[in-house]
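Counting along the sequence shown from 1, when you hit position 32 you're at 51 in this note's numbering, and nothing is skipped either side.
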Amino acid sequence: MTASPPLEHWPLIIIGTGFAGLSLALQRMNDGQEDFIVLEQAQSPGGTWRDNRYPGCACDVPSHLYSLSCAPPWDWQRKYAEAPEIEAYLAHLAHSLGARIRYRAQVRSASWQAREQLWQVELDDGSRLTCRFLVAGVGPLSEPAWPDLPGLENFAGPLLHTARWPRDRDLKGQRVGLIGTGASAIQVGPALAPEAAQLVIFQRTAPWVVARKDHPYATGTRRLLGKLPCLRRAYRAWLYLTRELKGLAFLWPGLMRRIEKGVRRDLAHQVSNPQLRQKIMPRTPMGCKRILLSDTWWSTLELPHVTLETDPIQHIEAAHLVTETGARYALDALVLATGFRYQDNPMARLFKGENGLTLEDFWKAQRSAYLGMMMPSFPNFFLLTGPFSGLGHNSIVFMIECQTRWIQSALAHVAAQGKNEFKVRAQAYATFTEEMNQRSKKTLWMQGCQSWYLDPAGRNTALWPGFSLSYWWRTRHFDAKDFDYA
Ligand code: NAP
20 MTASPPLEHW PLIIIGTGFA GLSLALQRMN DGQEDFIVLE QAQSPGGTWR DNRYPGCACD
80 VPSHLYSLSC APPWDWQRKY AEAPEIEAYL AHLAHSLGAR IRYRAQVRSA SWQAREQLWQ
140 VELDDGSRLT CRFLVAGVGP LSEPAWPDLP GLENFAGPLL HTARWPRDRD LKGQRVGLIG
200 TGASAIQVGP ALAPEAAQLV IFQRTAPWVV ARKDHPYATG TRRLLGKLPC LRRAYRAWLY
260 LTRELKGLAF LWPGLMRRIE KGVRRDLAHQ VSNPQLRQKI MPRTPMGCKR ILLSDTWWST
320 LELPHVTLET DPIQHIEAAH LVTETGARYA LDALVLATGF RYQDNPMARL FKGENGLTLE
380 DFWKAQRSAY LGMMMPSFPN FFLLTGPFSG LGHNSIVFMI ECQTRWIQSA LAHVAAQGKN
440 EFKVRAQAYA TFTEEMNQRS KKTLWMQGCQ SWYLDPAGRN TALWPGFSLS YWWRTRHFDA
500 KDFDYA
């Protein structure tokens, strides 16, 4: 009889090479701890910035703020970086981790082994690894949401989801339908319009759009930012604080209403066609969904070959999309900018905690995580950018860095105690969840909009209901009394 090979063991396994996974890996390297590997399902790093490659894809957070403070500076080309530059930045960071990243390593399942106090991680190729601590940086917005539209499967032309855009797909000279008017749509629409013969945009809810004021950095500015670390830090702090101040409007609806008035005025000035103006004037309170940034959305809608259709879609045929009032649009290609499966992200099925309980089952009553990272029944397991740790008004990279620092202090505390296992106490988790629920009730996100922030019961489970500074405050120390140890 041949003995089965010993399982490969690591003190720490990190899953994912997006901002989250790389942030923890680099933080740990900077702290002189090289006891981990990073598993990446694809053959290159980048997470969402590798997968979202639709034309026009860019970030609506300024580049100097949308970067890791624990990593070397990057010579950003423009105020709001485009996806390829962010992907190149992440590839550069990943490069510094060398062989610590294992590519084409797709996690099929990860289960807690109570007796051994270890996580067992199984990969798609059948190989298995174990680790004492497991961190999932798999991204909450990774799985595309396909709309449940009658006949969608009958469409004969290319069906392109923004989150799974094929390389080098050219829609030149084609009649293109675009479903959705969220953050992805307002980027892909203006990028497709110049090359499409016709672009029909199907809008269900009119979004709030404000000017982005994007521009390339002058060579002199880039040189100065490159040479003067204090200037770079001051610029980053200024970008952070101006965004943080915008958070005030989410807490004081009176302030948001004043901003609303300004946007309505801009819209009336900039959009000359009264019928179009009527269609794009939002009917939901500003801020109850993500406020979108664009310098080109409204002007794109005014182009003669672009149509904004607000009649609901009734069904889709092989070459047509038909609306409820009977309008028939002949289309060669259909672009779905319909977002992500956040509330029912299938990744929750991968992780099995105590007694084989999956994260999906654990979250049946409500998606939550202590400080957006930990759940009882899931010892030694951390989620990055988990429930209640998203942001609407500032940089998610700031939240990620708060989390990676907190995880570092948690791991240091457990090691100092000489323990192998720790998990958040059910009471601490319940108190945190209740606090989030109560605070969320006062936010704009729960004032009548449908969005991916809300669960089927209408509760916010996605965003941190406060200033990001208050999240930093809460995560600056590890609160040992909220945990059980073994
Ligand atoms: P989204 O915000 O969820 O928007 C989806 C759009 O599709 C909405 O306009 C929605 O209409 C529409 N839609 C969905 N199902 C539909 C159906 N069955 N029929 C008609 N319309 C339908 O998705 P997203 O634009 O991909 O953005 C998701 C998140 O990704 C953002 O909130 C943001 O966090 C992130 N993101 C960030 C950036 C960035 O620059 N940093 C860029 C892109 C995305 P309703 O509004 O009526 O639901």
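Just so you know, even glycine gets a beta-carbon here, dropped at the ideal spot from N, CA and C. The structure displayed is predicted, hence computed values, not measured ones.
Checklist entry - Is Cys249 buried or exposed, if buried means 16 or more other CB atoms sit within 10 Å of its CB? => result One-based indexing of the sequence shown puts residue 249 at position 230. Classified as exposed, Cys249 has fewer than 16 neighbouring CB atoms from the shown chains inside 10 Å of its CB.
Next on the checklist: Can you tell me whether Gln62 is buried or exposed? The criterion is at least 16 other CB atoms within 10 Å of its CB, across all chains shown.
Outcome noted: Here residue 62 refers to the residue found at position 43 when the sequence shown is read from its first residue. By the neighbour-count rule (16 or more Cβ atoms within 10 Å), Gln62 is not buried but exposed.
Checklist entry - So Arg147 packs on Leu26, CB below 8 Å; how close in whole Å? => result Position 128 of the sequence shown, counted from the start, is the residue given in the question as residue 147. Position 7 of the sequence shown, counted from the start, is the residue given in the question as residue 26. Confirmed, Cβ separation roughly 5 Å.
Next on the checklist: Let's see if you can read the secondary structure: which residues bound the beta strand (DSSP E) around Pro293?
Outcome noted: Residue 293 sits at position 274 when you count from the first residue of the sequence shown. Per DSSP, Pro293 belongs to no beta strand (DSSP E); it is in the alpha helix (DSSP H), 293-299.
Item to check | Which residues DSSP lists as bridging Lys442, in chain order | outcome: As a first step, residue 442 must be located in the sequence shown, where it is residue number 423. For Lys442, the beta-bridge partners assigned by DSSP are Asp503.
Next on the checklist: Counting C-beta neighbours from all protein chains within 10 Å, is the total for Gln206 16 or more, i.e. buried, or is it exposed?
Outcome noted: Here residue 206 is taken as the residue at index 187 of the sequence shown, counted from 1. Result: buried.
Checklist entry - Do the segment 89-107 and the segment 225-236 make contact, defined as three or more Cβ pairs closer than 8 Å? => result At 8 Å Cβ cutoff, the stretches touch.
Checklist entry - Hey, out of Lys280, Phe417, Asn292, whose CA is closest to Pro301's CA? => result The residue you call residue 301 lines up with position 282 of the sequence shown. When each option's Cα is compared against that of Pro301, the closest is Lys280.
Next on the checklist: Using a Cβ-based criterion (distance less than 7 Å to any ligand heavy atom), does Val80 qualify as near the ligand NAP?
Outcome noted: In the sequence shown, counting from the first residue as 1, residue 80 sits at position 61. The answer is yes for Val80.
Next on the checklist: Taking a contact to mean a Cβ-Cβ separation below 8 Å, would you say Pro74 touches Leu109 in this structure?
Outcome noted: Counting from 1 along the sequence shown, the entry for residue 74 is found at position 55. Counting from 1 along the sequence shown, the entry for residue 109 is found at position 90. Here Pro74 is not near Leu109, since their CB atoms are 8 Å or more apart.
Checklist entry - Can you tell which of Arg186, Leu168, Ala204 has its C-alpha closest to the C-alpha of Val354? => result By one-based count along the sequence shown, residue 354 stands at place 335. The candidate whose alpha carbon is nearest that of Val354 is Ala204.
Checklist entry - Helix, strand or coil: which one does DSSP assign to His180? => result Here residue 180 is taken as the residue at index 161 of the sequence shown, counted from 1. It is a strand residue.
Item to check | Sheet register partners of Lys371 (DSSP bridge) | outcome: In the sequence shown, residue 371 corresponds to position 352, counting from 1. Ser130, Thr377.
Next on the checklist: If I measure Cβ to Cβ from Pro177 and keep anything under 6 Å in the same chain, skipping five residues before and after, which residues do I get?
Outcome noted: In the sequence shown, counting from the first residue as 1, residue 177 sits at position 158. Once the five neighbours on either side are set aside, the close Cβ partners of Pro177 are Ala352.
Checklist entry - Quick one, which of Trp425, Gln385, Glu420, Glu440 has its alpha-carbon nearest Glu453's? => result As a first step, residue 453 is located in the sequence shown; it is residue number 434 there, counting from the start. That would be Gln385, whose Cα lies nearest to the Cα of Glu453.
Next on the checklist: Please tell me whether Trp138 and Phe400 are closer than 8 Å, where the distance is taken between their beta carbons.
Outcome noted: As a first step, residue 138 is located in the sequence shown; it is residue number 119 there, counting from the start. As a first step, residue 400 is located in the sequence shown; it is residue number 381 there, counting from the start. Taking a C-beta distance under 8 Å as the contact criterion, Trp138 and Phe400 qualify as a contact pair.
Next on the checklist: Taking DSSP's pairing of strands, which residues face Met393 in a bridge?
Outcome noted: The residue given as residue 393 occupies position 374 in the sequence shown. Note: Met393 sits in a beta bridge opposite Tyr389.
Checklist entry - My guess is that Gly372 and Phe381 are in contact by the Cβ rule of under 8 Å, so how many angstroms apart are they, rounded? => result As a working mapping, residue 372 is identified with position 353 in the sequence shown. As a working mapping, residue 381 is identified with position 362 in the sequence shown. Yes, they are in contact, since the Cβ atoms of Gly372 and Phe381 sit about 7 Å apart, within 8 Å.
Item to check | Distance cut-off 7 Å: Thr342 Cβ against heavy atoms of the ligand NAP | outcome: Numbered from 1 along the sequence shown, position 323 holds the residue referred to as residue 342. No - the ligand NAP has no heavy atom lying nearer than 7 Å to the Cβ of Thr342.
Checklist entry - Are the Cβ atoms of Cys319 and Gly196 separated by less than 8 Å? => result Against the sequence shown, residue 319 aligns to sequence position 300. Against the sequence shown, residue 196 aligns to sequence position 177. Looking at the sequence itself, residue 319 is Thr, so the reference to Cys does not match. No, the pair does not count as a contact, with Cβ atoms beyond the cut-off.
Checklist entry - Three or more beta-carbon pairs under 8 Å between the segment 110-120 and the segment 28-44, yes or no? => result Three or more Cβ pairs closer than 8 Å define a contact, and the segment 110-120 meets that threshold against the segment 28-44.
Item to check | 8 Å Cβ cutoff met for Asp79 and Arg231 | outcome: Sequence index remark: in the sequence shown, residue 79 carries index 60 (1-based). Sequence index remark: in the sequence shown, residue 231 carries index 212 (1-based). Yes, the pair counts as a contact, with Cβ atoms nearer than the cut-off.
Next on the checklist: Taking the straight line between their C-alpha atoms, what separation do you get for Val416 and Glu214?
Outcome noted: Against the sequence shown, residue 416 aligns to sequence position 397. Against the sequence shown, residue 214 aligns to sequence position 195. Their backbone Cα atoms lie some 34 Å apart in a straight line.
Checklist entry - When the Cβ atoms of the segment 432-445 are set against those of the segment 475-488, are three or more pairs found closer than 8 Å? => result With fewer than three CB-CB distances shorter than 8 Å, the segment 432-445 does not count as touching the segment 475-488.
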